[in-house]
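J.: Below you will find the structure I want to go over with you.
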Amino acid sequence: MCDLWKDDDLMRLMHKAVRFEDSKTYVDLPLKSAPSEVLQAFKDENSKEQHAASGQIQTQQHFAAAGSDLEPHIPPDFSPDPVNFLPEIKDKAVRTWALALHHLWPQLCRKVADAVLEHPERHSLLALPGYFFIPGQRFRELYYWDTYWVIKGLLVSQMPGSAETVVRNLIHLLDEYGHVPNGSRTYYLNRSQPPLLSSMVSLIFEARRDITILAEAFEALQTEYEYWTRPPKAVTLAGPNGKTMRLSRYYADTTRPRPESYREDVATAEQLGGSEEEQGRLYRDIASAAESGWDFSSRWMADGHTLATIQTTRVIPADLNAFLFKMETDLAHFAEILGDSRLQQKFRGASDARGTAMDMLMWHDASACWKDLILERIPPPGAEEAAPVSAHQATHGVFASSYIPLWAGVAAPDSERAIRCLNSLQTSDLIQRGGIAASLSETGQQWDGRNAWPPLQAMLIEAAEAVSRAEMRAGPGGRLLAQAWLKTCFKAWQKHGQMFEKYDATTPGSPGGDGEYPVQAGFGWTNGVALALLNEYGWNP
């Protein structure tokens, strides 16, 4: 396993000697020889003060091209023209588009090259036992939470074998490292991503009705559960009634710049100034925001707009605890199927306790949704003191994340709270012509403002549908939201011939913007969400 990118001297030298537009390119370059040899050679060359003239030559001498340690792969269960594919789609143009999305799976499928297995110390890429699907473009590796929506699309494409193979890759990473990393790179090992593996296992089980995947994944999922529910990720809170409760936060295991965004993080630290300890906290909070999937958003910023004020580890996120509530619910269900009544009771009790804590501490009655908590002070891990929580510590602003607990089932779909929450979403101004915006704050960050992200659409459409069905409403449920999103994706496809990672909620058919890098095309989770919505609702404009 290559840990060369932990050397700050090398990172500074490389960024000084050669300029790549994307910081991630540096750390995706495979080494041509042993790390110690490359490090010494690079330092020797750079000591000659020939950075501009020799930088490109050094890179070519010591590194192979980014992505050269991956190989294209054709999924064995891919069929160019699957039988009974989306039978409800009658419109010729939409059907052509849907088949084009289906045909993107082989284009996004990869396997790790043998060179990674032979010399893992020369690659930031982690070895995986099976093939997988990348998001696209700069994202050349397997990602954790993206995979949930990729799997949904694979199942619509009648590729359950591929879906299970990808899940088993994630289980392999969990077994190997004690958690599922952000992605399959060494520089992602210090953090995870929103914990959706139990939801993925549930999808595979429902599709194949084979108890084997539950039995084989169950122990690993308990390991992941411990990772998310022990300090420092877990925080003991003192509620207004004096009762202590435990909820979780994002907390990356690093106090260094992210290697894949080294230049950007160093620039943010220079903006902050301060001591080495303060900059270490900044780097941890930046990486923790990346762990959340929402990198970056005003959710995490003390002043609501400046990245240098980021305080992710002081935030108890509503969506993370919703994901953990769902994990606990899933594990209780798996234990029931596997005949383990003790663990069924344990996880049922855990989900009940988390739901109660979320309702007591996070539910914001005036807004009718669950809000992140901002803690003024968190006792250090191991301290017996509980962090106090009061109502004024709910986060300000309107965010799509506040409605994710509705998707996770924290409120029963037929409950008054669920109905109020759905009404709140519908009147929040987050819902625009081209989708559901991430927030109402325009900050220049990609998880803010008008940017509409596929996973948020999928979860909130499912939540709206569940509440509407439970209430037996005659209204459209999630259908109108689904149609608006499909229209956005379809119009962009017609205009650009591509699927994007995010879109502009205010302008149907326009890609999103902002953030550290240009909007990316491909795109794994976008394709998966579109196929899943076409399968669920049909669409014949």
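In this note's numbering, the protein residues as written are 950 to 1490.
Glycine is no exception: its CB is placed at the ideal position from the N, C-alpha and C atoms.
1) From what residue to what residue does the alpha helix (DSSP H) around T1091 run?
2) Does the Cβ-Cβ distance between I1083 and R1059 come in under 8 Å?
3) Per DSSP, what kind of secondary structure is C951 in: helix, strand or coil?
4) Determine the extent of the alpha helix (DSSP H) in which L1379 is found, giving its start and end residues.
5) In this structure, does DSSP put H1000 in helix, strand or coil?
6) When you compare each of F1449, P1354, S1237, L1231 to A1317 by their alpha carbons, which one comes out closest?
7) CB P984 to CB D1018, shorter than 8 Å?
8) When the Cα atoms are used, what is the spatial distance from Y1126 to N1139?
9) Taking Cβ positions, are G1188 and L1310 nearer each other than 8 Å?
10) What number of angstroms, rounded off, separates the C-alpha of H1068 from the C-alpha of F1081?
11) Taking contact to mean at least 3 C-beta pairs separated by less than 8 Å, is the stretch 1295-1307 in contact with the stretch 1191-1207?
12) Are there three or more Cβ pairs, one per stretch, closer than 8 Å when the stretch 1410-1424 is compared with the stretch 1360-1377?
13) Please go through the stretch 997-1066 and give each complete alpha helix (DSSP H) segment of 4 or more residues, from N-terminal end onward.
14) Using three-state DSSP, classify D1453 as helix, strand or coil.
15) Between A1315 and the ligand HEM, is the CB less than 7 Å from at least one heavy atom?
16) What residue does the beta strand (DSSP E) around T1193 start on, and which one ends it?
17) Return the chain-ordered ranges of every alpha helix (DSSP H) run that is complete within the stretch 1319-1359 and spans a minimum of 4 residues.
18) Since V1043 contacts A1481 with CB under 8 Å, what's their CB separation in whole angstroms?
19) Is it the case that the stretch 1252-1272 contacts the stretch 1215-1234, given that we only count it when at least three CB pairs across the two stretches are under 8 Å?
20) Residues in the same chain with beta-carbon distance under 6 Å from P1206, minus the five sequence neighbours each way, listed in chain order, please.
21) On the three-state DSSP scale, how would you describe R961?
22) Helix, strand or coil for M1307, going by three-state DSSP, please let me know.
T.: With the given structure in hand:
1) Residue identity differs from the one stated: residue 1091 is Leu in this sequence, not Thr. That residue, L1091, is in no alpha helix (DSSP H); it is neither H nor E in DSSP.
2) yes
3) coil
4) Looking at the DSSP string, L1379 is not in any alpha helix (DSSP H), and its letter there is neither H nor E.
5) Residue confidence is low: H1000 scores 49 on pLDDT, short of 50, so the model does not pin down where it sits. No coordinate-derived value is stated.
6) P1354
7) no
8) If I take the Cα positions, the gap works out to 10 Å.
9) yes
10) 20 Å
11) Yes, the stretch 1295-1307 touches the stretch 1191-1207.
12) yes
13) Counting only runs of 4 or more, we get 1000-1011, 1041-1051, 1053-1057.
14) strand
15) For the structure depicted, the ligand HEM is absent and the ligand set is empty, with no information on it obtainable.
16) 1193-1197
17) 1353-1357
18) Between A1481 and V1043 the Cβ distance is about 15 Å, and since that is not below 8 Å, they are no contact.
19) yes
20) D1214, V1215, Y1232
21) helix
22) helix
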